[in-house]
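Student:
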């Protein structure tokens, strides 16, 4: 029942010797979601010991090179590795031009289907759903069409308290009704059932300038990835380039009531990201720096009976 | 008076956790030539502590992804770094389509000129020349249009033996004539001049199946980079995919009378490249494995007086 984020690249536009462009893997139970795909994503994924074959869904925030230049290499490699099953990409519609070009020039060995699900919204909208989780896209405020993504486990079905079965002589039908939250004559659902665990959530916000609706859209997440390209010293530059400072990111986390904040997308002018962390921590204590290969795990919390 | 090859990526089509796609830097004195530009080339260059700004010329062997997927990232980065001076690319003509697409989709911040010099030849042809060196392109035998490149220092001007100036009472005009190899009345050029150093050379052959003319075209090079995707065990596969085995590469080096051979472009099926080296060394003793970040230096050899 894993729910964890792996950060594979912490650079902004200019990579450095140790910072790679944006790429992240969110693992939700047995499913892997690749979020952004900067240059070297496929190598970073291999270095992390993760199987490329396990990725069925890629979510792209926007079409700046540092978020997509790893796509061609990854798509080629999947083809050469013999992938057959479709690959789903969620991204601004204009990615279709880039994918068409890829298929035309480099698509010879690509035998699997690349399915682009264009994202287009002005407020949060559900773009993906499976039995246990759902994903919402929401607009960010950048120099070009950009989306953030919110991953949420669904509310699990209520479990029955074992002792209650004998005590109330419950039939299978009655148990099923109680688990759905229905009360029966003998006893109320609330009395003999419980939520087995608390659903977990993660939101990805990169690249973006701060704006009022954002903390509302990611309210209460367990983990918030928020870009922090600059420190406050470069607030003007952040504003001009539609990026965030560490303080902007921390304020978003605080207003959203997030449990933890992961900072990334650091400008190459910062040899060390320590000043970014310091600035964020002053506002939001549970701030952490992304790092190539770092894992931010959200452990399953059992709900109290 | 440097002349050295740095290998930045030793993978073939499928990169691994430790092997990056093809990219190499040849340094000839103060000039840097990037040879092929696989994904992550810009990061590998930075890791090696080499300044991207120093690269004015890029030579591309062919348009398979593992040799060019690093171009978009590198070209973008040069733009963001404020490059103004033109960048020269030597490649099969079809790269123009890829460069046009790049400029259209990602060219906003690219203020420098990208000059494509299309390579097209069926035998060695000079494609570049400066005061001290020249580069020749020659066709390789691969699944698609592919070229190898030969880098050669020019024959240096003869130097005058200092003692001869007084001994023969030589005027500046006479010295200049002797240095050009002309004999004068007083003395012959051969008697009082010498070649200050032996010109150095390097050839790059990737990707290619072996063929008869190749050793002739790279005859006598100090350093030969030759792909060795497979060992002899996979000779059939090498033939089918128009690649070379280690033995093919070694035979080429031996027939060419090369001084040293660097093997690269290893299939991902080889966890260790040791069997490739072993196979090559049995045929050509001066065989070496390329490695990410390895430098193969060709020291300047003074000619004997």
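Chains as they are written, first to last, in this note's numbering: chain A, 178 to 482; chain B, 178 to 482. A virtual CB, placed ideally from N, CA and C, is assigned to each residue, including glycine.
Can you tell me whether residue 333(B) is helix, strand or coil according to DSSP?
Tutor: Numbered from its first residue, the second chain carries residue 333(B) at position 156. If DSSP states are grouped into helix, strand and coil, residue 333(B) belongs with coil.
Student: Is the CB of residue 250(B) under 8 Å away from at least one CB in chain A?
Tutor: Position 73 of the second chain, counted from the start, is the residue given in the question as residue 250(B). So yes, residue 250(B) belongs to the interface.
Student: My assumption, with CB atoms under 8 Å, is that residue 269(A) sits in contact with residue 324(A). Please give the rounded CB distance.
Tutor: On the first chain, residue 269(A) is found 92 positions in, with the first residue counted as 1. On the first chain, residue 324(A) is found 147 positions in, with the first residue counted as 1. Going by Cβ atoms, the distance from residue 269(A) to residue 324(A) rounds to 7 Å, so yes, they are a contact pair.
Student: Is there a Cβ of chain A sitting closer than 8 Å to that of residue 265(B), yes or no?
Tutor: Locating residue 265(B) in the second chain gives position 88, where the first residue counts as 1. No, because no Cβ of chain A sits closer than 8 Å to the Cβ of residue 265(B).
Student: Considering only their Cβ atoms, is the gap separating residue 384(A) from residue 413(A) smaller than 8 Å?
Tutor: Residue numbering aside, residue 413(A) sits at position 236 when the first chain is read from its first letter. Residue numbering aside, residue 384(A) sits at position 207 when the first chain is read from its first letter. Taking 8 Å as the Cβ cut-off, residue 413(A) and residue 384(A) do not qualify as a contacting pair.
Student: For residue 283(A), name the three-state secondary structure that DSSP assigns.
Tutor: For the purposes of this step, residue 283(A) is taken as the residue at position 106 of the first chain. In this structure, residue 283(A) counts as helix in the three-state DSSP scheme.
Student: Taking 8 Å as the CB-CB limit, is residue 275(B) close to chain A?
Tutor: Here residue 275(B) corresponds to residue number 98 of the second chain, with the count starting at 1. Yes, its Cβ sits closer than 8 Å to a Cβ of chain A.
Student: For the alpha helix (DSSP H) holding residue 452(A), just list the boundary residues, first then last.
Tutor: Taking the first residue of the first chain as position 1, residue 452(A) is located at position 275. Its alpha helix (DSSP H) spans residues 451-458.
Student: Buried or exposed for residue 192(B), please, with buried defined as at least 16 other CB atoms from any protein chain shown within 10 angstroms of its CB.
Tutor: Counted from its first residue, the second chain places residue 192(B) at position 15. The residue is buried, with at least 16 neighbouring Cβ atoms inside 10 Å.
Student: Can you tell me whether residue 373(A) is buried or exposed? The criterion is at least 16 other CB atoms within 10 Å of its CB, across all chains shown.
Tutor: In the first chain, the residue the question calls residue 373(A) occupies position 196. Flag for residue 373(A) reads exposed.
Student: With distances taken from CA atoms, which of 359(A), 446(A), 455(A) and 447(A) is nearest residue 438(A)?
Tutor: Against the first chain, residue 438(A) aligns to sequence position 261. If we check each option's Cα against that of residue 438(A), 455(A) comes out closest.
Student: Within 10 angstroms of the Cβ of residue 350(A), are there 16 or more other Cβ atoms? Answer buried if so, exposed if not.
Tutor: Your numbering for residue 350(A) matches position 173 in the first chain. Classification of residue 350(A): exposed, given that the 10 Å Cβ count is below 16.
Student: For the stretch 219-231 of chain B, which residues have a CB atom closer than 7 Å to at least one CB atom of chain A, in sequence order?
Tutor: Answer set for the stretch 219-231 of chain B: 219, 220, 223 and 224.
Student: Please work out which residues of its chain come closer than 6 Å, Cβ to Cβ, to residue 474(B), disregarding the five sequence neighbours upstream and downstream, and give them in chain order.
Tutor: As a working note, residue 474(B) is residue 297 in the second chain. Same-chain partners within the cutoff: 181.
Student: Grab me the residues of residue 187(B)'s own chain with a C-beta within less than 6 Å of its C-beta, minus the 5 sequence neighbours each way, in chain order.
Tutor: For the purposes of this step, residue 187(B) is taken as the residue at position 10 of the second chain. Only 196, 441, 443 and 467 meet the Cβ criterion.
Student: Distance, Cα to Cα, residue 478(A) vs residue 377(A)?
Tutor: Counted from its first residue, the first chain places residue 478(A) at position 301. Counted from its first residue, the first chain places residue 377(A) at position 200. Cα-Cα distance, rounded: 9 Å.
Student: Taking only beta carbons into account, state which residues of the stretch 422-436 of chain A come closer than 8 Å to chain B, listed in chain order.
Tutor: Flagged: no residues at all.
Student: Between the stretch 232-244 of chain A and chain B, which residues of the former have a C-beta closer than 7 Å to a C-beta of the latter?
Tutor: Here the close residues are 242.
Student: Within the stretch 231-263 of chain A, note down every full beta strand (DSSP E) run reaching 3 residues or more, in order along the chain.
Tutor: Correct list: 232-236.
Student: May I ask you to list, following chain order, the residues of the stretch 363-395 of chain A that have a beta carbon less than 7 Å from some beta carbon of chain B?
Tutor: Residues: none.
Student: Out of 317(B), 265(B) and 321(B), state which residue places its alpha-carbon closest to the alpha-carbon of residue 295(B).
Tutor: The sequence position of residue 295(B) within the second chain is 118, counting from 1. Measuring from the Cα of residue 295(B), the nearest candidate turns out to be 265(B).
Student: Can you look up residue 273(A) in the DSSP assignment and give me helix, strand or coil?
Tutor: Translated into positions along the first chain, residue 273(A) becomes position 96. Of the three classes helix, strand and coil, the one that applies to residue 273(A) here is helix, per DSSP.
Student: Under the DSSP definition of a beta bridge, which residues are partnered with residue 202(A)?
Tutor: Start at 1 with the first residue of the first chain, and residue 202(A) comes out as number 25. Note: residue 202(A) sits in a beta bridge opposite 183(A) and 211(A).
Student: Indicate whether at least one CB of chain B lies closer than 8 Å to the CB of residue 257(A).
Tutor: Residue 257(A) sits at position 80 when you count from the first residue of the first chain. Output row for residue 257(A): interface = yes.
Student: For residue 230(A) versus residue 214(A), is the C-beta spacing smaller than 8 Å?
Tutor: Within the first chain, residue 230(A) is the residue found at index 53, counting from 1. Within the first chain, residue 214(A) is the residue found at index 37, counting from 1. Cβ distance not < 8 Å, so residue 230(A) and residue 214(A) don't count as in contact.
Student: What's the call for residue 330(B), buried or exposed, on a 16-neighbour Cβ count within 10 Å?
Tutor: The residue given as residue 330(B) occupies position 153 in the second chain. Buried: at least 16 other Cβ atoms inside 10 Å.
Student: Report all residues from its chain with a CB closer than 6 Å to the CB of residue 380(B); omit the five preceding and five following residues, and keep chain order.
Tutor: Here residue 380(B) is taken as the residue at index 203 of the second chain, counted from 1. For residue 380(B), where only same-chain residues beyond five positions count, the Cβ hits under 6 Å are 327, 395, 398 and 401.
Student: For residue 474(B), write down the residues that DSSP places opposite it in a beta bridge.
Tutor: As a position in the second chain, residue 474(B) is number 297, starting the count at 1. DSSP output for residue 474(B) lists 181(B) as bridge partner(s).
Student: Given a threshold of 16 other Cβ atoms within 10 Å of its Cβ, counted over all protein chains shown, does residue 369(B) qualify as buried or as exposed?
Tutor: For the purposes of this step, residue 369(B) is taken as residue 192 along the second chain, with counting starting at 1. Per the 10 Å Cβ criterion, buried.
Student: Name the residues in the stretch 192-203 of chain B whose C-beta lies less than 7 Å from a C-beta of chain A; which are they?
Tutor: Here the close residues are 192, 193, 194 and 197.
Student: Does residue 217(B) get closer than 8 Å to chain A when you measure Cβ to Cβ?
Tutor: In the second chain, the residue the question calls residue 217(B) occupies position 40. Yes - at least one Cβ of chain A is within 8 Å of the one on residue 217(B).
Student: Counting pairs of Cβ atoms below 8 Å between the stretch 343-360 of chain B and the stretch 277-297 of chain B, do you hit three or more?
Tutor: Contact fails: fewer than three Cβ-Cβ distances are below 8 Å.
Student: Would you check if the stretch 206-222 of chain A and the stretch 427-435 of chain A touch, i.e. whether three or more CB-CB distances between them fall below 8 Å?
Tutor: The answer is no - the stretch 206-222 of chain A does not touch the stretch 427-435 of chain A, with fewer than three Cβ pairs under 8 Å.
Student: Taking residue 218(B) as the reference, give the member of 461(B), 248(B), 206(B) and 228(B) with the closest Cα.
Tutor: Here the question's residue 218(B) lines up with position 41 in the second chain. It is 248(B).
Student: Could you give the DSSP three-state label for residue 382(B): helix, strand or coil?
Tutor: Walking along the second chain from the start, residue 382(B) turns up at place 205. Of the three classes helix, strand and coil, the one that applies to residue 382(B) here is strand, per DSSP.
Student: Of the residues that make up the stretch 278-291 of chain B, which ones have a beta carbon closer than 7 Å to any beta carbon in chain A?
Tutor: Correct list: 278, 282 and 283.
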